[in-house]
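Residue numbers (my numbering), protein chains in the order written: chain A, -10 to 289; chain B, 5 to 359; chain C, 74 to 399.
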Amino acid sequence: MSAAELSALQRPSDRLRRRQAVNRGMELLAWLAAAAAVAILGVVVSSVAKRGASELNLDLLTKAPVPFAIGSVKQGLVNAFTGSLVIVGLATAMTLPVGILVAIYVNEFAPRRIRNGLGLVIDVLAGIPAIVVGIFVFGLVVLGHGQSALAGSFALAVLMLPFVARATIEVLALVPDSLREAALGLGAPRWRTTLGIVLPQTVGGIVTGGVLAVARVAGETAPLLFTSSVGVSNGADWNPLHALQTVPVAIFELSESDNTGDHARAWAAAFVLLMFILLTSLSARWLANRSRRKLARGVR
Amino acid sequence: MPRNGKLVRIACVLAAAAVLAAVAVAAAGAAGAKRSGGALVGAGSSLVAPAVQGVWGPAYQSKTGVGIQYSAVGSGAGIAQITARTVDFGASDAPMTPDQARHCHGCIEIPWALAATGPIENIPGVNGLQLHLTGATLAKIYLGQITNWSDPALKRLNPKLKLPNHSITTVHRSDGSGDTYAFTDYLSKVSKTWASEIGKSTSVNWPAGGVGGKGNSGVAQVVNSTPYSIGYVSTAYVIQNHLHMVRLQNAAGNYTYPSVKSIESAAQLVKRVPANTVISITDPPASHKYRNAWPISTFTYAIVPTKSAKATELRDFIGWALGAKQQKAIQHYVFAPLPALVAKVAHNRLKKIHS
Amino acid sequence: MSTIDTTGTAARRPFTGRRVRPGDLVLQGTAGLAALGAAVLLGLVVYKVVEGSRLALSTLCLGFLAHIGWDPVHSHFGAGSFLFGTAVTSIGALLLATPLALGIALFLTELAPSWIRAPVTALVETLAAIPSVVIGLWGIIVLGPLLRDHVMPALHSTLGFIPLFGTPNPSGLGLFTAIVVLTIMILPIIASISRELFLGVPPELKEAALGLGTTRWEMVRGVILPYTRGGVAAAMILGLGRAVGEAIAVAQVAGGIDNLVSWNLFNGGNTLAGKLALEFQSSTSNLETSGLFYLALILLVFSLVVNVFARSVVRRVARRQGLLVR
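Below, the structure is given as structure tokens:
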């Protein structure tokens, strides 16, 4: 082979050059898309963080709102924070037992057809828009009885249920059948096996699912608009029979105001809400990793 | 129990604690307050909100210890809330429609304040009270027939004002609103086209686009952030947010703006209060008596069920608010005192509430 | 996103003993009751919405879907502008978000140096965590003025010949603002699901392609994208479902206009969910309330269809690949 022919073989052909150019172009596009997305994300997150953190002060968490204040009055959103705590807490208390029981039924008792059907039911429930859930609870509970934190909690519980049920089903399925068979072989009744042996293995996953569900609904506004939005009490109110103000609804109302003071409090509340959601998501992830590692290690 | 019992035990303890806490909160809250132990909960009109939340609420609480909790969700929502008995009283600037009255099952409307809605503008270079409009031109603007601030019809009304060549953005309420009711009531009287095509209600089919704002504060916000826009808000919000008012020509030919005196002048129009409480005082006629009247004045009503567990508290609060002293206390938010005739009807209706 | 893996093995039925203890019955009964409750709950939601809309269904029928305008005074109600608004905003958001999301997912799995991966992933997760009301707040105060003062005039002057970019809206609120806000909301959903899907592509397949001499882009196009096609489609459908159901952020930034259907994206508008959030309690008549329930019914039907469809796509993909898709 001549030197010319050899170097011709080693030189990239036109076709290869074109393919490499296309590849470089696509990589550039991917970098650009990523940069654009990161820029957008960064702008939004930093915007919320910066404005929120700068307006944050202790008054927000300790003082009550003073509507139509003349001049600058020290006010805050203590009623919204206590209301949110009550409503989310009650919603969690309502959802956890039901979600776990549903998951136990789906995974341990249901025949295949019912299992598929229930799986569909849970997924469909997860897809109902939050505003429709709010309208539903309004029609079911609020009409004739009035708004209340309980009604709001119920609406949030409907939203949380699919999350908790799904997470619990998945962790229950991960528990090996050998465990159940061993218990059966030792003569344990089914209920004892499920509650005393299988379920404890899944506690990590259940807690993760619960925490994720809390993170999901802590910021929900739509279901609370019609179920618990007319409570503007003069101070912290813990009574679940009242309609309590909540942080997302407060932010919604303040965002429609013309007052810079209102906007400042909206940003501060948004910051606190976001921090809460991030913290709960992070702890959920940490818990998930922990329980995953545990299950991978096997039964002790 | 498996060996990783520590996590299980912690989780069980936490779960039990959470459930106990929830139950404790519920019980303590329920026992301790007995449906807010004397506080009155209301919702509705954002027009009356400065009076109820800003003045009456705090004053009544310091006088009697009974708290007033009010949410300015709009007149439409206020009617819905009291119909659902979700609140102790509703508040609306618009009288209830026959359908709404029927659904409310024996609610009475008690006029308890007198105020106004007015157009506001945000034209760069034009200050408050400088822009002059007639009812007809205002209607044409909202109908989309006048679309530019430099329109000759507007120039004719404002010869000394330098109106820019820019398209007009109309702003209206996107929620059900008593201000919308008063505004459209007025437009229906000054424009036949408006009356036949759009009509009056708490929520109408606004022609030709524009932008919607939620609540009086939402409209104020949109107008303030949109140059070359025009909107309508209740006068208390104009004062609070330093918005630019527009002077309207009343039927007598004078260019007036909302003030306690001009509202009082318009309120003379009420000769009797019918059962359905439709006492419209918009567009008073062209006579000497109404020469200074503001043409978009409106009464605002507390809506209360005749049969209520809180009858005594409601009678006390509303009766107190109807008093001359309380009517005067809200004047700096541009509320005029109720005319004697209307106040008498209000007191009579108040007597009908029983538990 | 996850689906119940109901294609599990039959071996999960080890209990075949004939003795039934009372404790077993109690547990099965309670759990069964809870499961029945979940099903009943779903039925109740559908029933309540249908019941509420019955008056409107019988009075306004299908013409409701085409009629544009919401006129309580003359009792002319129509979902036309809301269907239009919902379609425009959600499809627009999907079109904008998908390439960005796929770009970010590919970047994170194929291109990014390892020290960038963790922070960017964290950024995406943080954005997913921001509640819609906060994004709406940001939309009103930051995004609206930005679009009004800079972006919309620029788009109009350069691309104004396209009817989509007509006269800018001086308030900064409108369908375009809503599209941007919705894009920001669904971007993290599609991005994080796609990223996990891309990570799940077996390395042998990728290496085989590279070993045959393909460029990285050709490998992505020929191996990764086809392999994850179903999952990515499901992620897009879920993002669409989220955008359609979003009520609060839309109520804050879309401009609240009920009777305008035009090509100009800068105009104000409203969606099904946004209208419900703003006006659900303000009805002046039975027919109007029923009309609002009719809107809720349309929204519900759409989200049910979207969900069942996404679920079937995921199942097909999972079965084909033997994976539990998370």
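Here a beta-carbon is modelled for each residue, glycine too, at the ideal position from N, C-alpha and C. Quick caveat, the model's predicted, so the values are computed rather than measured.
How many Å lie between B:H351 and B:T121 at the Cα?
Residue 351 of chain B sits at position 347 when you count from the first residue of the second sequence. Residue 121 of chain B sits at position 117 when you count from the first residue of the second sequence. Near 25 Å, if we compare the C-alpha coordinates of B:T121 and B:H351.
Along the chain, where does the beta strand (DSSP E) that runs through B:F93 open and close?
As a working note, residue 93 of chain B is residue 89 in the second sequence. Element bounds for B:F93: 93 to 96.
Terminal residues of the continuous alpha helix (DSSP H) containing C:P275?
As a first step, residue 275 of chain C is located in the third sequence; it is residue number 202 there, counting from the start. Run containing C:P275: none; DSSP gives neither H nor E here.
If I measure Cβ to Cβ from A:E97 and keep anything under 6 Å in the same chain, skipping five residues before and after, which residues do I get?
Here the question's residue 97 of chain A lines up with position 108 in the first sequence. The answer, listed in chain order, is T183.
Taking Cβ-Cβ distances below 9 Å as the criterion, which residues of the region 349 to 368 of chain C are in contact with chain B?
The residues in question are L351, E352, F353, Q354, S355, S356, T357, S358, N359, L360, E361, T362.
Enumerate, from N- to C-terminal direction, the unbroken alpha helix (DSSP H) stretches of 4 or more residues contained entirely within the region 143 to 216 of chain C.
Those alpha helix (DSSP H) runs which fall completely within the region 143 to 216 of chain C and span 4+ residues are 153 to 179, 187 to 202, 205 to 211.
Can you pull the chain C neighbours of A:G292, defined as C-beta to C-beta under 9 Å?
In the structure displayed, chain A extends from -10 to 289; residue 292 of chain A sits before or after that span and is not available.
Would you report the Cα separation of B:E113 and B:A43, rounded to the nearest angstrom?
By 1-based counting over the second sequence, the position of residue 113 of chain B is 109. By 1-based counting over the second sequence, the position of residue 43 of chain B is 39. Spanning the two alpha carbons is a distance of roughly 21 Å.
Quick one: which unbroken beta strand (DSSP E) runs of 3-plus residues sit fully inside the region 213 to 274 of chain B? Chain order, please.
The qualifying runs are 215 to 217, 233 to 238, 251 to 253.
My assumption, with CB atoms under 8 Å, is that C:V254 sits in contact with C:I208. Please give the rounded CB distance.
In the third sequence, the residue the question calls residue 254 of chain C occupies position 181. In the third sequence, the residue the question calls residue 208 of chain C occupies position 135. Correct: roughly 6 Å between the Cβ atoms.
Answer with buried or exposed for C:S355, where buried requires no fewer than 16 other C-beta atoms within 10 angstroms of its C-beta.
As a first step, residue 355 of chain C is located in the third sequence; it is residue number 282 there, counting from the start. Looking at its Cβ environment, which holds 16 or more other Cβ atoms inside 10 Å, C:S355 is buried.
Measuring CB to CB, does B:I267 end up less than 9 Å from B:V250?
Residue 267 of chain B sits at position 263 when you count from the first residue of the second sequence. Residue 250 of chain B sits at position 246 when you count from the first residue of the second sequence. It is not a contact, given that the beta carbons lie outside the stated cut-off.
Kindly say whether A:F70, judged by its beta-carbon, lies nearer than 9 Å to any beta-carbon of chain C.
Taking the first residue of the first sequence as 1, we reach residue 70 of chain A at position 81. Output row for A:F70: interface = no.
With a cut-off of 8 Å on the beta carbons, I'd call A:I124 and C:A320 a contact; round off their distance for me.
Within the first sequence, numbered from 1, the residue matching residue 124 of chain A stands at position 135. Within the third sequence, numbered from 1, the residue matching residue 320 of chain C stands at position 247. 10 Å between Cβ atoms; not a contact.
What residue range is occupied by the uninterrupted alpha helix (DSSP H) comprising B:H170?
As a position in the second sequence, residue 170 of chain B is number 166, starting the count at 1. B:H170 -> no alpha helix (DSSP H), and no H or E assigned at all.
Just to confirm my understanding: we take B:G110, look at its own chain, exclude 5 residues before and 5 after, and list those with CB closer than 7 Å. What are they?
Within the second sequence, residue 110 of chain B is the residue found at index 106, counting from 1. Closer than 7 Å at the Cβ level, and outside the excluded window around B:G110, lie P309, T310, K311.
Using the three-state DSSP reduction, which class does A:E209 fall into: helix, strand or coil?
In the first sequence, residue 209 of chain A corresponds to position 220, counting from 1. Coil, per DSSP.
With DSSP as the reference, label B:C108 as helix, strand or coil.
Position 104 of the second sequence, counted from the start, is the residue given in the question as residue 108 of chain B. Helix, per DSSP.
On a CA-only basis, which of B:A333, B:M100, B:S178 is nearest B:T87? Give me that one, please.
Looking up residue 87 of chain B in the second sequence gives position 83. Per the Cα distances, B:M100.
Could you name the residues of chain C that B:Q85 contacts, counting a contact when the two beta carbons are closer than 9 Å?
Here the question's residue 85 of chain B lines up with position 81 in the second sequence. By Cβ distance, chain C contributes Q354.
Please name the residue, chosen from A:P178, A:W256, A:R179, A:L90, that lies closest to C:L109 on a Cα-to-Cα basis.
Here residue 109 of chain C refers to the residue found at position 36 of the third sequence. Out of A:P178, A:W256, A:R179, A:L90, A:L90 has the C-alpha closest to the C-alpha of C:L109.
Is there at least one Cβ from chain A nearer than 9 Å to B:P54's Cβ?
Residue 54 of chain B sits at position 50 when you count from the first residue of the second sequence. At least one chain A Cβ lies under 9 Å of B:P54.
Going along the chain, which unbroken runs of the alpha helix (DSSP H) with 4 or more residues stay wholly within the region 70 to 145 of chain A?
Runs of the alpha helix (DSSP H) inside the region 70 to 145 of chain A: 101 to 116, 119 to 126.
So, with DSSP's three-state summary, where would you put B:A119?
Taking the first residue of the second sequence as position 1, residue 119 of chain B is located at position 115. Strand.
Look at the alpha carbon of C:M309 and the alpha carbon of C:L270, and state the distance between them as a whole number of angstroms.
Translated into the one-based positions of the third sequence, residue 309 of chain C becomes position 236. Translated into the one-based positions of the third sequence, residue 270 of chain C becomes position 197. One C-alpha to the other measures close to 13 Å.
Would you check if the region 54 to 68 of chain B and the region 273 to 282 of chain B touch, i.e. whether three or more CB-CB distances between them fall below 8 Å?
The region 273 to 282 of chain B vs the region 54 to 68 of chain B: no contact.
Evaluate contact between the region 180 to 189 of chain B and the region 198 to 213 of chain B, counting only Cβ atoms and requiring at least three cross-stretch pairs below 8 Å.
Judged by Cβ distances under 8 Å, the region 180 to 189 of chain B makes contact with the region 198 to 213 of chain B, as three or more pairs qualify.
Give the DSSP bridge partners of C:G105, in chain order.
In the third sequence, residue 105 of chain C corresponds to position 32, counting from 1. According to DSSP, C:G105 bridges with nothing at all.
Residues in the region 125 to 155 of chain A with C-beta within 9 Å of chain B's C-beta atoms, listed in sequence order?
Taking 9 Å as the Cβ-Cβ cut-off against chain B, the residues of the region 125 to 155 of chain A that qualify are F127, V131, L132, G133, H134, G135, Q136, S137, A138, L139.
Any Cβ of chain C within less than 9 Å of the Cβ of B:H107?
Reading the second sequence from its first residue, position 103 is the one you call residue 107 of chain B. Yes - at least one Cβ of chain C is within 9 Å of the one on B:H107.
Should B:D179 and B:K218 be called a contact, given that it needs their Cβ atoms to be closer than 9 Å?
For this step, residue 179 of chain B is matched to residue 175 along the second sequence. For this step, residue 218 of chain B is matched to residue 214 along the second sequence. In this structure, B:K218 lies closer than 9 Å to B:D179 by Cβ.
Rounded to a whole number of angstroms, what is the C-alpha to C-alpha distance between B:D320 and B:V130?
Translated into the one-based positions of the second sequence, residue 320 of chain B becomes position 316. Translated into the one-based positions of the second sequence, residue 130 of chain B becomes position 126. Rounded to whole angstroms, B:D320 to B:V130 spans 46 Å at the Cα level.
Can you grab the Cα-Cα spacing for the pair B:I72 / A:L161, in whole Å?
Locating residue 72 of chain B in the second sequence gives position 68, counting from the first residue. Locating residue 161 of chain A in the first sequence gives position 172, counting from the first residue. So the alpha carbons of these two residues sit roughly 50 Å apart.
At the level of alpha carbons, what is the spacing between A:E242 and A:A202?
For the purposes of this step, residue 242 of chain A is taken as residue 253 along the first sequence, with counting starting at 1. For the purposes of this step, residue 202 of chain A is taken as residue 213 along the first sequence, with counting starting at 1. Spanning the two alpha carbons is a distance of roughly 25 Å.
With H, G and I counted as helix, E and B as strand and the rest as coil, what does DSSP make of B:K311?
Within the second sequence, the letter at position 307 stands for residue 311 of chain B. Looking at B:K311 - three-state DSSP - the assignment turns out to be strand.
Which value, in whole angstroms, describes the spacing of the CA atoms of C:E324 and C:S154?
As a position in the third sequence, residue 324 of chain C is number 251, starting the count at 1. As a position in the third sequence, residue 154 of chain C is number 81, starting the count at 1. Residue identity check: residue 324 of chain C is Ala in the sequence provided, not Glu. Taking the straight line from one Cα to the other gives about 14 Å.
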